[in-house]
Amino acid sequence: DPKIIQKPKYLVAVTGSEKILICEQYLGHNAMYWYRQSAKKPLEFMFSYSYQKLMDNQTASSRFQPQSSKKNHLDLQITALKPDDSATYFCASSHSLGSNTGQLYFGEGSKLTVL
Amino acid sequence: GMPVEQNPPALSLYEGADSGLRCNFSTTMKSVQWFQQNHRGRLITLFYLAQGTKENGRLKSTFNSKERYSTLHIKDAQLEDSGTYFCAAEAGTNAYKVIFGKGTHLHVLP
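As you go down the protein sequences, you meet chains A and B in turn.
Taking our numbering as reference, the numbering of the first sequence is continuous, increasing by one, and the terminal residue is 107.
Taking our numbering as reference, the numbering of the second sequence is continuous, increasing by one, and the terminal residue is 128.
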């Protein structure tokens, strides 16, 4: 059974619209992350959260807003979508963040296509 | 430079051959993780190392924090080893992220 659930797996959106990518982890972890992978490119770090608190943000655009309603949830809201936002977005988690981060566990990704 | 440099960018080898992938780090890293990304895009964890060497079947990985590098060796390559291999490292000081290398595209030929 997957321990990190990302929804939806695939989505298509029109330019200018807004979407929310869902991520839930059932590993009992305290740290969660978002990464983005554009076609044939490496994974690019976006955000890290620890105990529902933002720890690092490497995303230049405020159109990307993480939302953590519960400790095991970290959703990603993307507003005013652009075709360049087309990518696979991966959620990950680890035991904690900082002195004892541990191994990262990844979800299967949400593939977003913006037309 | 890039905090995580991965080499080679691409590699082709025949079934049964051995190969080595390497990541060099621009700064001291606390840990390294190696992943294989398969044709479906799924990330499969191969190793997590805070130091030293680990082995799993035909795979072996080493992490030397002091010398700032990590290696992944694949022995007796099989067709199913084809894919993209990423190393990802966590910096040692005040870092709240794990950074990925650009990956090595491995193609195993029959």
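Just so you know, even glycine gets a beta-carbon here, dropped at the ideal spot from N, CA and C.
Among the bridge pairs identified by DSSP, G70(B) is matched with F81(B).
The three-state reading of DSSP puts P75(A) in helix, counting H, G and I together. At a cut-off of 8 Å between beta carbons, D77(A) makes no contact with chain B. In the DSSP assignment, H65(A) forms a beta bridge with E16(A).
Boundaries of the beta strand (DSSP E) around P58(A): F56 to Q59.
Excluding residues up to 5 positions away in sequence, M47, K48, S49 and V116 lie with their Cβ nearer than 7 Å to the Cβ of E108(B) in the same chain. Contact residues of the stretch 91 to 106 of chain A toward chain B are T93, Q95, L96, F98, E100 and G101 (C-beta to C-beta distance below 7 Å). When only Cα atoms are considered, G38(B) and T80(B) end up about 11 Å apart. The Cβ atoms of T122(B) and T102(B) lie closer than 8 Å to each other.
By alpha-carbon distance to N25(B), the top candidate from G34(B), F43(B), Y32(B) and A35(B) is F43(B). When only Cα atoms are considered, S30(B) and D36(B) end up about 11 Å apart.
Counting of Cβ neighbours within 10 angstroms places I92(B) among the buried residues, the total reaching 16 or more. Inclusion of E100(A) and P0(A) in the CB contact set at 8 Å is not warranted, their separation being larger than that value.
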